[in-house]
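Please read the structure below before turning to the comments.
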């Protein structure tokens with residue numbers, strides 16, 4: 016049925032929350048009743064994919080509805096310019112009240128502070144878990160308490176003060192980002208052994224240099240700040256890796272517990288005020304995260320665990336409850352979707368698709384048959400993940416690692432040639448073995464190489480000079 020008014024919008028975004036740590040996505044490690052309730056009241060997207068699995072570019076994609084090469088926010092150190100159109104600026108121009116509380120991570124100062132918001136309180140860079148500082152229009156302000164709670168309380172107070180005009184509030188949490196500092200009230204949670212993922216002991220033998228090269232191993236690369244205590248000295252390498260996994264997951268899941276409490280508080284307010292049905296309530300994360308899969312933590316790679324983000328949305332006035340879809344959607348689609356629900360025309364430069372019909376039509380048509388991904392940050396300082404891009408279709412994934420300036424860890428060696436990987440996701444859902452050189456996949460490889468090239472042309476991105484021009488195409 017039609018909504019009697021323009022909807023309010025409550026957009027909760029977290030940092031590094033893996034779908035595998037959400038109940039409605041089948042978590043075996045925790046429960047999330049607040050997030051699950053949004054999915055039950057609306058739609059769960061089972062194939063929501065990010066266009067760049069890194070905090071800053073992903074947040075720019077949510078706001079602008081554009082890919083990284085268009086927004087020019089490609090890495091952690093490239094920030095969103097104030098003249099970029101966003102769904103927030105479009106909503107404000109259409110009469111919406113707008114606010115953001117929490118993690119911005121898109122730069123600060125006259126050229127990069129939040130624009131289009133009636134009210135904003137944002138963390139400097141990553142921010143702090145305890146007694147955090149916030150940037151505000153009046154300068155830096157420090158609040159006592161736990162960051163997830165503070166963000167929630169300030170957002171609720173702002174929501175409660177709004178009148179009859181529709182509003183959009185971004186509740187963008189720091190949690191559960193590294194170094195995973197939970198509130199003391201959750202210290203006793205998750206003390207039982209947490210199950211290992213099936214690929215925890217992955218040796219990367221089915222893939223090329225990039226997977227071997229990355230320094231994201233739980234066994235080797237979590238530090239004393241992450242773990243909060245030293246492993247028992249008597250443990251051998253394998254036992255120490257398991258001990259580190261348990262410590263990592265305990266604190267990670269405890270941080271998620273506070274996030275879910277935030278979601279329950281926000282939706283509880285909407286129910287109590289009688290506004291839940293005519294509010295678009297959305298929960299997402301800025302990318303996925305490795306929870307021990309392949310022995311890793313962190314994100315960055317185009318592999319499924321970091322590529323896939325959680326995304327649930329409710330709007331009972333227009334969206335039937337209890338739905339799910341495995342259509343390929345992207346974080347670049349969110350801006351146009353929210354504007355469509357609000358009845359506001361999207362700025363012409365947006366590159367995503369509205370998902371409204373996908374959620375409301377009896378026989379919805381998928382918005383894309385292939386997803387384009389690009390990770391720009393040649394990380395030779397910490398995680399050592401090669402720059403790469405690729406295309407994912409219903410069944411296959413092709414990745415091109417072009418590795419500019421990427422050498423051995425802690426050296427200036429830049430001798431690595433580019434590498435390709437191809438995965439058959441139907442036969443190899445964990446992406447353990449690349450079939451790029453398998454003659455049986457020659458036709459698939461050729462088809463995906465063309466698809467990747469054509470997607471780049473359609474989206475206005477430039478193939479890397481190292482990438483060979485596919486037969487039948489020109490540079």
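In my numbering, the protein residues as written are 16 to 490. C-beta: ideal position from N, C-alpha, C; glycine also.
Do the CB positions of residue i and residue j come within less than 8 Å of each other?
i           : j           : result
residue 344 : residue 57  : no
residue 12  : residue 390 : Nothing can be reported for residue 12, as the shown portion of the chain is limited to 16 through 490.
residue 272 : residue 201 : yes
residue 366 : residue 80  : yes
residue 28  : residue 277 : no
residue 191 : residue 70  : no
residue 221 : residue 448 : yes
residue 355 : residue 371 : yes
residue 72  : residue 101 : no
residue 206 : residue 274 : no
residue 196 : residue 144 : yes
residue 415 : residue 482 : yes
residue 463 : residue 406 : yes
residue 442 : residue 385 : no
residue 59  : residue 339 : yes
residue 250 : residue 295 : no
residue 54  : residue 302 : no
residue 434 : residue 223 : yes
Taking residue i as the reference, give the member of the options with the closest Cα.
i           : options            : result
residue 25  : 272, 82, 280, 127  : 280
residue 174 : 338, 32, 116       : 116
residue 45  : 267, 407, 296      : 267
residue 98  : 255, 109, 155, 85  : 85
residue 225 : 347, 436, 455, 443 : 436
residue 262 : 245, 490, 253, 483 : 245
residue 4   : 216, 349, 468, 481 : Past the edges of the chain, shown from 16 to 490, lies residue 4, and the structure says nothing about it.
residue 306 : 264, 478, 373      : 264
residue 193 : 212, 153, 141      : 141
residue 363 : 105, 68, 92        : 105
residue 120 : 132, 107, 131, 137 : 137
residue 293 : 215, 357, 257, 480 : 357
residue 212 : 203, 199, 233, 342 : 233
residue 382 : 432, 63, 297       : 63
Give every residue of the same chain whose Cβ lies closer than 6 Å to the Cβ of residue i, excluding the five residues on either side of it in the sequence, and list them in chain order.
i           : result
residue 304 : 31, 33, 314
residue 486 : none
residue 181 : 21, 23, 111
residue 468 : 485, 488
residue 109 : 359
residue 217 : 309, 310
residue 77  : 346, 349
residue 255 : 246
residue 156 : 149
Please go through the same chain and pick out, in chain order, the residues whose beta-carbon is closer than 7 Å to the beta-carbon of residue i, but skip the five residues on each side of it.
i           : result
residue 440 : 410, 411, 412
residue 43  : 210
residue 351 : 80, 361, 365, 367, 368, 369
residue 474 : 82, 366, 387
residue 139 : 123, 148, 150
residue 399 : 228, 229, 230, 424
residue 134 : 114, 173
residue 35  : 42, 306
residue 131 : 101, 103, 104, 107, 113
So what's residue i in DSSP terms, helix, strand or just coil?
i           : result
residue 220 : coil
residue 456 : helix
residue 386 : strand
residue 425 : In this prediction, residue 425 has a pLDDT of 47, which is less than 50 and means its spatial position is unreliable; nothing more can be read from the coordinates.
residue 136 : strand
residue 111 : coil
residue 269 : helix
residue 57  : coil
residue 151 : strand
residue 466 : helix
residue 346 : helix
residue 311 : strand
residue 495 : Because the chain spans 16 through 490 in this model, residue 495 falls outside it and cannot be assessed.
residue 99  : coil
Any heavy atom of the ligand HEM closer than 7 Å to the CB of residue i?
i           : result
residue 381 : With respect to the ligand HEM, the structure shown offers nothing to examine, as it has no ligands at all.
Please list, in chain order, all residues of the same chain as residue i whose beta carbon is under 8 Å from its beta carbon, the five residues on each side excluded.
i           : result
residue 208 : 261
Does the segment 163-172 touch the segment 180-189, meaning 3 or more C-beta pairs lie closer than 8 Å?
-> Contact holds: three or more Cβ-Cβ distances are below 8 Å.
Would you check if the segment 44-54 and the segment 310-317 touch, i.e. whether three or more CB-CB distances between them fall below 8 Å?
-> Contact fails: fewer than three Cβ-Cβ distances are below 8 Å.
Evaluate contact between the segment 126-137 and the segment 233-244, counting only Cβ atoms and requiring at least three cross-stretch pairs below 8 Å.
-> No, the segment 126-137 is not in contact with the segment 233-244.
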